[in-house]
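Novice:
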Amino acid sequence: MLHYRNFLPEELAADPSFRRWVLFNDPADEAVWTDWLEHNPDKLDLVNSARNFLATTEAAFDRISDEEVANEIYRLSHAIGENNAKKSSIWLRFRPNWYHMAASVLILMFAGWWYNKQTLSQKQSDQYKVILSQIKEPLIEAVNSGKEARLVILEDGSSVLLQPDSRITYPRRFEGRKREVFLRGEAFFEVAKNPDKPFYVYAHTLATKVLGTSFKVSAFDDQEVKVVVKTGKVSVFPMTKEAIASQHADDKLGGMVLTPNQQITFAPNELRLTRSLIPDPKLLELPIQRQSFEFKGTPITEVFAALEKSYGVKIVFDAEVMQNCYLTASLSDEPLFEKISLICKTIGAQYEQLDASIIINSKGC
Numbered sequence: 001m002l003h004y005r006n007f008l009p010e011e012l013a014a015d016p017s018f019r020r021w022v023l024f025n026d027p028a029d030e031a032v033w034t035d036w037l038e039h040n041p042d043k044l045d046l047v048n049s050a051r052n053f054l055a056t057t058e059a060a061f062d063r064i065s066d067e068e069v070a071n072e073i074y075r076l077s078h079a080i081g082e083n084n085a086k087k088s089s090i091w092l093r094f095r096p097n098w099y100h101m102a103a104s105v106l107i108l109m110f111a112g113w114w115y116n117k118q119t120l121s122q123k124q125s126d127q128y129k130v131i132l133s134q135i136k137e138p139l140i141e142a143v144n145s146g147k148e149a150r151l152v153i154l155e156d157g158s159s160v161l162l163q164p165d166s167r168i169t170y171p172r173r174f175e176g177r178k179r180e181v182f183l184r185g186e187a188f189f190e191v192a193k194n195p196d197k198p199f200y201v202y203a204h205t206l207a208t209k210v211l212g213t214s215f216k217v218s219a220f221d222d223q224e225v226k227v228v229v230k231t232g233k234v235s236v237f238p239m240t241k242e243a244i245a246s247q248h249a250d251d252k253l254g255g256m257v258l259t260p261n262q263q264i265t266f267a268p269n270e271l272r273l274t275r276s277l278i279p280d281p282k283l284l285e286l287p288i289q290r291q292s293f294e295f296k297g298t299p300i301t302e303v304f305a306a307l308e309k310s311y312g313v314k315i316v317f318d319a320e321v322m323q324n325c326y327l328t329a330s331l332s333d334e335p336l337f338e339k340i341s342l343i344c345k346t347i348g349a350q351y352e353q354l355d356a357s358i359i360i361n362s363k364g365c
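According to the UniProt record's numbering, numbering within the sequence shown proceeds without interruption in unit steps and concludes at 365.
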């Protein structure tokens with residue numbers, strides 16, 4: 001057993017005898033390794049490192065299905081010249097040497113995959129900080145520590161409904177060719193259209209690129225990151241240096257593109273990106289996602305009530321003066337103040353923002 005002295009921890013973890021001792025407490029192998037440690041006490045750190053390595057990878061390895069393991073062993077059999085291999089448990093029992101070799105290769109392959117997964121996840125998290133540090137304009141951070149959604153209006157007119165326990169960081173002014181914001185938590189975005197200046201939302205380990213649309217991003221720490229589209233199109237991609245550079249260099253939407261009533265869920269711990277269709281938009285979590293903003297001969301009082309409910313803002317107007325005002329319009333992914341502006345133009349009114357309220361001035365219809 002002297003050759004074990006030159007092993008790396010991952011090589012030792014892949015050894016069948018060592019695995020039987022650590023994972024299954026095999027008496028025969030325990031005696032062998034106890035004896036080996038007595039003769040090689042300077043290698044105790046090696047054994048402990050291999051134990052820890054094996055414990056970590058074994059826990060994650062259990063999440064891989066038996067079918068995936070069988071398929072990989074079958075593929076490896078061809079790679080090492082066993083052209084007549086069959087996916088049979090009986091056949092494997094009569095080929096113990098080959099099986100242990102394949103198992104060793106598998107655990108080493110898995111160990112490399114697991115290490116790369118952890119490294120990529122860390123890189124994505126680090127990239128969030130790198131991009132944030134590169135913003136030259138003065139930054140503003142809005143925090144919602146209350147129980148209701150908080151409306152945040154950006155410099156370009158985009159509106160953000162920031163949900164409880166969430167925060168968003170954004171420049172006071174959007175300079176350059178990009179509009180970039182940074183989210184921790186959950187928010188619903190209605191982005192002002194500007195094809196010449198794409199809008200990016202960086203959220204934990206996922207980035208979203210849009211030209212003008214409405215969508216929700218949910219990115220709480222240690223949870224899945226989710227992007228749900230209400231209108232328009234968005235491009236979603238993992239927050240790696242390479243992916244971000246590619247998106248910044250292209251004026252079009254690349255990555256994984258989402259259209260209305262589609263969503264993407266990204267599990268950062270597993271590096272799994274899943275796109276799915278929302279079968280029933282009425283089941284969406286936020287009221288503003290369920291609101292269609294389609295009005296046909298609708299009394300203006302009902303229109304303003306719908307906006308108040310969806311955005312959590314107070315709209316002040318004279319209901320008696322405007323009792324004969326009705327609206328027929330389709331307001332989809334416009335930010336709040338674009339909606340208000342279109343409504344006022346249609347009914348011949350004006351508006352102004354005062355503190356957290358919107359004041360409508362009208363002489364009636």
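We put the CB at the ideal spot given by N, CA and C, even for glycine.
Predicted model, so just to flag it, every value in this text is computed and none were measured.
Only counting the same chain, and skipping five residues up and downstream in sequence, which positions put a Cβ closer than 6 angstroms to that of F188?
Specialist: Once the five neighbours on either side are set aside, the close Cβ partners of F188 are L161, K216, L286, I288.
Novice: Check whether the Cβ atoms of F295 and L342 lie closer than 8 angstroms to each other.
Specialist: No; because the gap between Cβ atoms is not below 8 angstroms, this pair is not in contact.
Novice: Quick check: E148 and G297, are their CB atoms within less than 8 angstroms of each other?
Specialist: No, these two residues do not count as a Cβ contact at 8 angstroms.
Novice: Determine, using beta-carbon pairs with one atom in the region 217 to 233 and one in the region 254 to 265, whether at least three such pairs fall under 8 angstroms.
Specialist: Taking 8 angstroms as the limit for Cβ pairs, the verdict is that the region 254 to 265 does touch the region 217 to 233.
Novice: Which residue or residues does DSSP assign as beta-bridge partners of P171?
Specialist: The partner list for P171 (beta bridge, DSSP) reads L139.
Novice: Buried or exposed, going by whether 16 or more other CB atoms sit within 10 Å of the CB of F24?
Specialist: Looking at its Cβ environment, which holds fewer than 16 other Cβ atoms inside 10 Å, F24 is exposed.
Novice: How is the alpha helix (DSSP H) around L331 delimited, first residue to last?
Specialist: Where L331 is concerned, there is no enclosing alpha helix (DSSP H), given that its DSSP letter is neither H nor E.
Novice: Tell me, please, whether the region 318 to 325 touches the region 135 to 146 by the rule of three or more beta-carbon pairs shorter than 8 angstroms.
Specialist: Too few Cβ pairs lie closer than 8 angstroms, so no.
Novice: Spatial neighbours of S49 within its chain, please: CB distance less than 6 angstroms, with the 5 preceding and 5 following residues excluded, ordered by chain position.
Specialist: So the list reads P9, once near-sequence residues are dropped.
Novice: What residue range does the alpha helix (DSSP H) around E302 cover?
Specialist: It spans 300 to 311 - the alpha helix (DSSP H) in which E302 sits, taken as one unbroken run.
Novice: Starting from G185, follow its DSSP beta bridges and name the residues at the other end.
Specialist: Answer is A219, bridged to G185.
Novice: What span of residues does the beta strand (DSSP E) with L354 cover, start to end?
Specialist: From DSSP, the beta strand (DSSP E) with L354 extends over 350 to 354.
Novice: To the nearest angstrom, report how far apart C365 and E308 are at their CA atoms.
Specialist: Going by the C-alpha atoms only, they are around 21 angstroms apart.
Novice: With DSSP collapsed to three states, give me the class of R5.
Specialist: Three-state DSSP puts R5 in a helix.
Novice: Do you know how far the Cα of I278 is from the Cα of S218?
Specialist: Those two C-alpha atoms are separated by around 16 angstroms.
Novice: Verify whether the separation of the beta carbon atoms of R184 and S166 is less than 8 angstroms.
Specialist: A contact, by the Cβ cut-off of 8 angstroms.
Novice: Considering only DSSP beta bridges, list what F237 is partnered with.
Specialist: DSSP output for F237 lists A207 as bridge partner(s).
Novice: Who does T265 pair with in a DSSP beta bridge?
Specialist: Paired residue(s): K226, T274.
Novice: Looking at C-alpha atoms only, which residue of K193, S292, I135, V201 is the closest neighbour of E338?
Specialist: The shortest C-alpha separation from E338 is found at K193.
Novice: I'd like the span of the beta strand (DSSP E) that includes S159, first residue to last.
Specialist: Segment 159 to 162, the beta strand (DSSP E) holding S159.
Novice: Count the other CB atoms within 10 Å of the CB of P238; is the residue buried (16 or more) or exposed (fewer)?
Specialist: P238 is buried by the Cβ-count criterion.
Novice: If I measure Cβ to Cβ from L12 and keep anything under 6 angstroms in the same chain, skipping five residues before and after, which residues do I get?
Specialist: So the list reads F18, A50, once near-sequence residues are dropped.
Novice: Please list the terminal residues of the continuous alpha helix (DSSP H) segment that includes V32.
Specialist: Element bounds for V32: 27 to 39.
Novice: Let me know if T205 comes out buried or exposed under the rule of 16 or more other beta-carbons within 10 Å of its beta-carbon.
Specialist: Buried: at least 16 other Cβ atoms inside 10 Å.
Novice: Per DSSP, what are the beta-bridge partners of R150 in this structure?
Specialist: Per DSSP, L162.
Novice: Under the assumption that R172 contacts E155 (Cβ atoms under 8 angstroms), give the Cβ distance between them as a whole number of angstroms.
Specialist: The Cβ separation is near 7 angstroms, so the contact holds.
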